[in-house]
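Since the structure comes first, as structure tokens, the remarks are kept for the end.
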Amino acid sequence: MNNDSLHPKFVEAMKKLRSMSEEERLSEENKDLFEQAMNYAPLDIQPQLIEIRKKYDNLH
Numbered sequence: 001m002n003n004d005s006l007h008p009k010f011v012e013a014m015k016k017l018r019s020m021s022e023e024e025r026l027s028e029e030n031k032d033l034f035e036q037a038m039n040y041a042p043l044d045i046q047p048q049l050i051e052i053r054k055k056y057d058n059l060h
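Position 57 of the sequence shown, counting from 1, maps to 57 under the UniProt record's numbering, and the rest follow consecutively.
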């Protein structure tokens, strides 16, 4: 999958999230950014994001 087929809001969110540590990504402050990534994620990677969401929910 190339970036042309990805939603711009997903690309924006993932670019920001990738530059963070795991702790930062899972922080309460970045919840909205993660939700943006989830909402615009391609179907094939949503299961991976769901696993990350479960990890977030367990921390909070």
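Quick reminder that beta carbons are idealized off the backbone N, C-alpha and C, glycines included.
Counting along the chain, Ala-13 sits inside the alpha helix (DSSP H) bounded by residues 8-18.
Within the same chain, Ala-13, Lys-16, Leu-17 come within 8 Å of Leu-33 by CB-CB distance, once the 5 residues on both sides are set aside. Residue range 31-40 is occupied by the alpha helix (DSSP H) that includes Asp-32. Check the Cα spacing between Leu-59 and each of Pro-8, Leu-49, Glu-23, Ser-19: the tightest is with Glu-23.
For Glu-22, the enclosing alpha helix (DSSP H) starts and ends at 22-25.
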